[in-house]
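Notes follow once the structure below has been shown.
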Amino acid sequence: HLPVDGYLAVLGALLAGSATLSPFATAAALRISVQ
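Encoded structure:
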């Protein structure tokens with residue numbers, strides 16, 4: 007099992023990645039839906 011620190015680090019990295027990628031994903035979806 008992972009230690010709690012490692013689990014929190016992975017969770018934080020996933021959260022940061024989704025927070026940074028979601029605006030690009032929504033913009034791409036809007037462009038596709040508009041076209």
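Taking the working numbering, the leading residue of the sequence shown gets 7, the next gets one more, and so forth. Glycine included, each C-beta is placed from N, C-alpha and C at the ideal position. Because the structure is a prediction, the values reported are computed rather than measured.
Three-state secondary structure assigned by DSSP to residue i
| i | result |
| --- | --- |
| proline 9 | coil |
Separation of residue j from residue i, as counted between CA atoms
| i | j | result |
| --- | --- | --- |
| isoleucine 38 | phenylalanine 30 | 12 angstroms |
| threonine 26 | leucine 36 | 17 angstroms |
| leucine 14 | leucine 20 | 10 angstroms |
| leucine 17 | aspartate 11 | 10 angstroms |
| serine 24 | alanine 34 | 15 angstroms |
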